[in-house]
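Heads up: the sequence shown runs through residues 5 to 548, numbered per this note's numbering.
The C-beta atom is built at its ideal place from N, Cα and C for all residues, glycine as well.
As structure tokens, the structure follows; a few thoughts come after it.
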Amino acid sequence: MRTWSEAPISRHQVEMISPCLDERIGRHAGVRFLDALLAQVDWSDWEQAYPASGPGRPPHHPRLMCAAILYGLVRGMHSTRMLEYATEYNMDFQWLLDGRVIDHSTFAKFRTVHGERIKDLFKTINRKAADLKKLSLEEIIIDGTRIRADSDRHGSRTAQALQKRLDALDEKLAKALEELEKAQEEGEEETARKNERVKAALEAQKQRDEKAMEVAKARDEVKKAKEGKKAHGVRVPVTDPDAHLLENKEGGYAPNYTPVIAVEGELGLIVAEQITEQNSESDCLVPLVEKTEELCGHAPDRVLADEGFGAGYELEELGEKGVAVFTPMGKVSRDESRPVPSAGGVLPPEHWEALPLRGGRLDKSAFRYDAGEDVYVCPMGQILRPLRKQTRKNGTGKTVELMEYSGAPCGDCPLASRCLSKTAKARTISRDQHEVRREEVRERMATEEGQEIYSHRAPWVEGAFGTIKAGMKIRRFQRRGLQKVRQDWTWICLAFNLRKMMGWKDENTQKMMKYCIQSCIQRLRWALSRFLSMQNQWLTKVSA
Ligand code: SF4
Numbered sequence: 005m006r007t008w009s010e011a012p013i014s015r016h017q018v019e020m021i022s023p024c025l026d027e028r029i030g031r032h033a034g035v036r037f038l039d040a041l042l043a044q045v046d047w048s049d050w051e052q053a054y055p056a057s058g059p060g061r062p063p064h065h066p067r068l069m070c071a072a073i074l075y076g077l078v079r080g081m082h083s084t085r086m087l088e089y090a091t092e093y094n095m096d097f098q099w100l101l102d103g104r105v106i107d108h109s110t111f112a113k114f115r116t117v118h119g120e121r122i123k124d125l126f127k128t129i130n131r132k133a134a135d136l137k138k139l140s141l142e143e144i145i146i147d148g149t150r151i152r153a154d155s156d157r158h159g160s161r162t163a164q165a166l167q168k169r170l171d172a173l174d175e176k177l178a179k180a181l182e183e184l185e186k187a188q189e190e191g192e193e194e195t196a197r198k199n200e201r202v203k204a205a206l207e208a209q210k211q212r213d214e215k216a217m218e219v220a221k222a223r224d225e226v227k228k229a230k231e232g233k234k235a236h237g238v239r240v241p242v243t244d245p246d247a248h249l250l251e252n253k254e255g256g257y258a259p260n261y262t263p264v265i266a267v268e269g270e271l272g273l274i275v276a277e278q279i280t281e282q283n284s285e286s287d288c289l290v291p292l293v294e295k296t297e298e299l300c301g302h303a304p305d306r307v308l309a310d311e312g313f314g315a316g317y318e319l320e321e322l323g324e325k326g327v328a329v330f331t332p333m334g335k336v337s338r339d340e341s342r343p344v345p346s347a348g349g350v351l352p353p354e355h356w357e358a359l360p361l362r363g364g365r366l367d368k369s370a371f372r373y374d375a376g377e378d379v380y381v382c383p384m385g386q387i388l389r390p391l392r393k394q395t396r397k398n399g400t401g402k403t404v405e406l407m408e409y410s411g412a413p414c415g416d417c418p419l420a421s422r423c424l425s426k427t428a429k430a431r432t433i434s435r436d437q438h439e440v441r442r443e444e445v446r447e448r449m450a451t452e453e454g455q456e457i458y459s460h461r462a463p464w465v466e467g468a469f470g471t472i473k474a475g476m477k478i479r480r481f482q483r484r485g486l487q488k489v490r491q492d493w494t495w496i497c498l499a500f501n502l503r504k505m506m507g508w509k510d511e512n513t514q515k516m517m518k519y520c521i522q523s524c525i526q527r528l529r530w531a532l533s534r535f536l537s538m539q540n541q542w543l544t545k546v547s548a
């Protein structure tokens, strides 16, 4: 005969002495840590957003609102309706808010009103975490991911399609206006009101389409500059034109944003974050290093990032700051035994097979650059001299000074099929002003120490994205527009850090928990004073 657990209390039993909320929350519950941490923050700037007095019910203190939103994100509740439900039915939320039930629209309005203030709170909490754990912030790891925008994939249009839609909308608007004027002239109030609504809806749609059109044209220009006149028109999500139609990490295409984070390499906290303006991650290193510098007062010693990060000008800027970048500079095979090409010398045939290739052709690293002479020497001893200099803008608008090197026609060189394109008679190599920095990174990555340092990258940063997407259930942004999405991403990153901090169990955390106990005592004092004042009021009433 199996036995099952007894219910400690029937749902229909009347509780004579109801335990207080505080007794129902464990002494070491994470929510206490969060409450104590936020109680240490200076909220005066947030308080400024509220009038000193006014009609209506008094607002909830911003500390409580932030606590509820952040705790909701930690527990995987990111919609305002889920938060409203939690404040009414979840014990830990009731404890956090002292029993207040907060409406979903209040949460939505709060995030809009306080907009950019979350960025300061993110920095404040990170500074507290860094102090608490004495973080050195010597190493940061940078990576990006994609998160769905709040927009439907099928609602994306090219500039051409949008123009057709705008023409059709103009016709509909003219007709609606005509019908409205007719109804007003004939005094048909009901029809006039209906036509007013139709006109307003059409105008709103036109406004949306015009904004999307503007974005589509700008993106078309950029694409044309890269791919020439043959470039196809870019499709823009009409409901959120700031998003980009990109391949999802899980497959398929959808409107996405590209959030990027910098995780410190000791505890895995997110120390800096951003959403890229374009969909490219290549220009994120410097801004994220600067944000980390702002946090701890010095630049990190090392930055680890995967392929795709580390544009030349970024390597240059970080090199000047003394920050060592660890990122793969192209997938090229290494052969330590291969002799370095020398002018007039020929690489022995046994090394030909191991020569590094990229895109089916000999990689630049198969050639030797002679900085003194400013020439390249090919594996067959041919010298490639500077041919012409070009100045152009890259995708992010930075100026690139490109020098092309070329040599005499290669004739019947046995390596020609692997070195030259089908039509070329001589090999050409390009080198920009940042090549020295790239070579530095390549050399750093080629060492055992470099490989060991680079192995720290994936566990921290991929783990952070895993927790955000699977643990906190962030798969899609809830609001539209780059500015709002940026704010939401800061909320998410802060909640991620708090989730980590709530799991800390050591002597530093004990200090924080001591503070928790002090704050409990304060609450009890407050409850007692309230009880006494109510009692006094009642006694005055009775005696009167
Ligand atoms: S094809 Fe020309 S550049 Fe290439 S290895 Fe032969 S000689 Fe050198």
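field: Continuous alpha helix (DSSP H) stretch holding Tyr-75: start and end
entry: 66–78 is the extent of the alpha helix (DSSP H) around Tyr-75.
- prompt: Do the region 300–314 and the region 139–158 touch if we need at least three Cβ pairs shorter than 8 angstroms?
  reply: Segments in contact, yes.
task: Using only alpha-carbon positions, find the residue among Arg-480, Phe-500 and Ile-13 that is nearest to Lys-253.
output: Among Arg-480, Phe-500 and Ile-13, the Cα nearest to that of Lys-253 is on Arg-480.
- request: Use the C-beta contact count for Ala-553: other C-beta atoms within 10 angstroms, 16 or more gives buried, fewer gives exposed.
  value: With the chain covering 5 to 548 only, the question about residue 553 has no answer from this structure.
task: Measure from the C-beta of Leu-100 to each C-beta in chain C and report whether the shortest distance is under 8 angstroms.
output: Given the protein chain composition of this structure (a single chain), no chain C is represented.
query: Given a threshold of 16 other Cβ atoms within 10 Å of its Cβ, counted over all protein chains shown, does Gly-411 qualify as buried or as exposed?
result: Per the 10 Å Cβ criterion, buried.
query: Quick one: is the Cβ of Met-505 within less than 7 angstroms of any heavy atom of the ligand SF4?
result: For the ligand SF4, not one heavy atom lies less than 7 angstroms from the Cβ of Met-505.
message: Taking the alpha-carbon of Pro-66 as reference, which of Arg-389, Leu-141, Glu-294 and Asp-46 has the nearest alpha-carbon?
response: Pro-66 has its Cα closest to that of Asp-46, out of Arg-389, Leu-141, Glu-294 and Asp-46.
- prompt: Taking DSSP as the reference, what is the three-state secondary structure of Glu-189?
  reply: Of the three classes helix, strand and coil, the one that applies to Glu-189 here is helix, per DSSP.
query: Given 8 angstroms as the limit, is there contact between the region 233–243 and the region 426–442, that is, 3 or more CB pairs closer than that?
result: No, the region 233–243 is not in contact with the region 426–442.
query: Any heavy atom of the ligand SF4 within a distance shorter than 7 angstroms of the CB on Arg-431?
result: The answer is yes for Arg-431.
message: Just to confirm the assignment, what range does the beta strand (DSSP E) spanning Gln-394 have?
response: DSSP places Gln-394 inside the beta strand (DSSP E), whose first and last residues are 387–397.
query: Considering Met-550, what are the terminal residues of the beta strand (DSSP E) in which it resides?
result: Residue numbering for the chain in the displayed model covers 5 to 548; residue 550 lies beyond these limits and cannot be assessed.
Environment of Phe-97 [buried if 16+ CB atoms lie within 10 Å]: The residue is buried, with at least 16 neighbouring Cβ atoms inside 10 Å.
task: With distances taken Cα to Cα, identify the nearest neighbour of Cys-70 among Val-546, Asp-244 and Arg-121.
output: Answer by Cα proximity: Arg-121.
- prompt: Looking at the unbroken beta strand (DSSP E) that takes in Val-329, where does it start and where does it end?
  reply: 328–330 is the span of the beta strand (DSSP E), which, as asked, contains Val-329.
task: Consult DSSP for Gln-278 and reduce its assignment to one of helix, strand or coil.
output: It is a strand residue.
Environment of Lys-451 [buried if 16+ CB atoms lie within 10 Å]: One detail in the question is off: residue 451 reads as Thr in this sequence, not Lys. With fewer than 16 other Cβ atoms within 10 Å, it is exposed.
task: Would you kindly check if the distance between the Cβ of Ala-220 and the Cβ of Thr-262 is under 8 angstroms?
output: In this structure, Ala-220 does not lie closer than 8 angstroms to Thr-262 by Cβ.
message: Using 8 angstroms as the cut-off, can you tell me whether the region 312–319 makes contact with the region 273–289, which would need three or more C-beta pairs spanning the two stretches below that distance?
response: Segments in contact, yes.
- prompt: Touching or not, the region 71–79 and the region 498–510, by the rule of three or more beta carbon pairs under 8 angstroms?
  reply: Result yes; three or more Cβ-Cβ pairs closer than 8 angstroms.
query: With 16 as the cutoff for other CB atoms within 10 Å, does Thr-7 come out buried or exposed?
result: Taking all protein chains shown into account, Thr-7 has fewer than 16 neighbouring C-beta atoms within 10 Å of its C-beta and is therefore exposed.
query: Can you tell me the Cα-Cα spacing of Gly-312 and Trp-356, whole angstroms?
result: One C-alpha to the other measures close to 29 angstroms.
Extent of the continuous beta strand (DSSP E) run through Asn-501: First-last for Asn-501: 486–505, but that is the alpha helix (DSSP H), not the beta strand (DSSP E).
- request: Spatial neighbours of Ile-3 within its chain, please: CB distance less than 6 angstroms, with the 5 preceding and 5 following residues excluded, ordered by chain position.
  value: Absent from the structure is residue 3, since the part of the chain shown begins at 5 and ends at 548.
query: Between which two residues does the beta strand (DSSP E) containing Gly-364 stretch?
result: Under the DSSP assignment, Gly-364 falls outside any beta strand (DSSP E); it carries neither an H nor an E label.
N- and C-terminal bounds of the beta strand (DSSP E) containing Leu-308: Note, Leu-308: beta strand (DSSP E), 306–309.
- request: Just grab the DSSP bridge partners of Ile-258 for me.
  value: The question names Ile, but residue 258 is Ala in the sequence shown. For Ala-258, which the question treats as bridged, DSSP gives the partners Leu-250.
- request: Tell whether a beta-carbon distance below 8 angstroms holds between Lys-406 and Arg-422.
  value: In the sequence under discussion, the amino acid at residue 406 is Leu, which differs from the Lys named in the question. No, they are not a contact pair.
query: Taking only runs of the alpha helix (DSSP H) that begin and end inside the region 177–240, which ones reach a length of at least 4 residues, in chain order?
result: The region 177–240 contains these whole alpha helix (DSSP H) runs: 193–231.
- prompt: Can you tell me the Cα-Cα spacing of Glu-200 and Glu-189, whole angstroms?
  reply: If I take the Cα positions, the gap works out to 14 angstroms.
- request: Please list the segments of the alpha helix (DSSP H) lying wholly inside the region 418–490, counting only runs of 4 or more residues, in order along the chain.
  value: Taking only runs of at least 4 residues, the alpha helix (DSSP H) segments lying wholly in the region 418–490 are 420–423, 439–450, 452–458 and 461–470.
query: Would the beta-carbon of Asp-39 fall within 8 angstroms of that of Leu-100?
result: Contact: yes.
query: Which word fits Lys-186, buried or exposed, when buried means at least 16 other C-beta atoms lie within 10 angstroms of its C-beta?
result: So Lys-186 counts as exposed.
query: According to DSSP, is Phe-97 helix, strand or coil?
result: The three-state reading of DSSP puts Phe-97 in helix, counting H, G and I together.
field: Spatial distance of Val-267 from Gln-52 (CA atoms)
entry: Going by the C-alpha atoms only, they are around 32 angstroms apart.
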